[in-house]
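Participant: If you count by this note's numbering, then the sequence shown holds residues 253 to 492, one letter each, in order. Heads up, the beta-carbon is just placed ideally off N, CA and C, and yes, glycines get one too. Treat the numbers as computed from the prediction; the structure is a model and nothing was measured.
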Amino acid sequence: MNFWTAWPEHLLADVSLWSADLAAPGAEVQRMEPYADLFHLDVADAHFVPGLLFFPDLVAALRPLTEVPFHVHLMTEHPASHVSAFAEAGANLITVHYENGAEASMAIEQIHRCGLAAGLALQLETPPDVIVPYLNEVQLILLMGTRLGVKGQSLDPNTYTRAQTVRQIIRDAGYEGRVKIGVDGGIREQTVPFLRNAGADLVVPGSLVFKSDHLDETFQWLHALSVPTTDGNTSWKKEI
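Shown next as structure tokens:
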């Protein structure tokens with residue numbers, strides 16, 4: 253878990269490989285390697301969410317191509333049953349969903365037994381205060397900004413408030429700097445600055461970066477966004 257405690261203070265780009273050219277994922281990883289803080293690999297089982305996505309074999313095939321950490325996002329039923337395979341394939345951080353119920357805690361325990369960092373994801377309808385019992389167990393709270401399993405959606409405007417609430421919960425519980433806040437879905441040029449100001453430490457960009465004609469400028473802009481305010485600033489409300 254050492255990689256997770258040594259991050260720079262800039263906004264982290266957890267680059268979503270779901271938006272890459274899937275005919276050439278290895279080339280896409282190498283294209284993004286100079287810029288990405290993590291690579292985000294969604295895993296879907298067609299039960300927890302629609303569709304099927306990314307498997308351990310792909311993670312293992314990509315692992316030798318880069319030293320950038322891999323973040324595996326398990327959108328599956330029975331997540332604990334998948335942890336070991338993705339850990340062996342080369343994951344560094346594995347996130348499971350609160351909505352998995354008691355199985356989420358089982359999966360988090362398994363993630364730590366594998367020596368990896370753990371994240372907890374919350375769907376749109378899940379109240380932020382459910383994270384409190386997990387703050388001593390996870391390194392990331394990942395807020396979904398859109399419905400699961402569908403690309404290209406607009407960010408739910410409640411995500412700004414949810415990010416600010418999660419940040420306050422983390423601060424009040426004494427976990428500031430130990431548990432990071434990420435947002436996955438609806439990551440656009442016009443939403444990222446407001447998400448950062450509302451409390452996000454990490455975003456999961458897809459088309460924002462893969463469709464960029466100027467990667468240097470895009471990532472320089474993203475990484476340069478100022479740290480979240482700590483004085484209750486709510487300038488993000490202008491976006492709603």
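One question on the structure: do LEU407 and LEU263 come within less than 7 Å of each other, judged by their Cβ atoms?
Facilitator: Not closer than 7 Å, so no.
Participant: From which residue to which residue does the alpha helix (DSSP H) around ILE421 run?
Facilitator: Start and end: 410–424.
Participant: Does the pairing of the region 447–457 with the region 277–286 give three or more beta-carbon distances under 8 Å?
Facilitator: No: the two stretches stay apart, fewer than three of their Cβ pairs being nearer than 8 Å.
Participant: Report the partner residues of SER268 according to the DSSP bridge assignment.
Facilitator: Paired residue(s): HIS292.
Participant: Which class does THR347 belong to by DSSP, given the choice of helix, strand or coil?
Facilitator: Three-state DSSP puts THR347 in a strand.
Participant: Comparing alpha-carbon positions, which option in TYR386, HIS330, TRP259 lies nearest ALA370?
Facilitator: Of the listed residues, the one whose Cα sits closest to ALA370 is TYR386.
Participant: Quick check on ASP297: does DSSP put it in helix, strand or coil?
Facilitator: Strand.
Participant: For LEU293 and PHE322, which I take to be in contact (beta-carbon distance under 8 Å), what is that distance rounded to the nearest angstrom?
Facilitator: So it is a contact: roughly 6 Å between Cβ atoms.
Participant: GLN420: which of THR398, GLN391, ALA450 sits nearest, CA to CA?
Facilitator: For the residues THR398, GLN391, ALA450, the minimum Cα distance to GLN420 belongs to ALA450.
Participant: Distance, Cα to Cα, ASP309 vs VAL390?
Facilitator: Taking the straight line from one Cα to the other gives about 26 Å.
Participant: Beta-carbon within less than 8 Å of ALA339's beta-carbon, same chain only, minus the 5 sequence neighbours each way: which residues are those?
Facilitator: So the list reads ILE346, ILE363, CYS366, GLY367, LEU368, once near-sequence residues are dropped.
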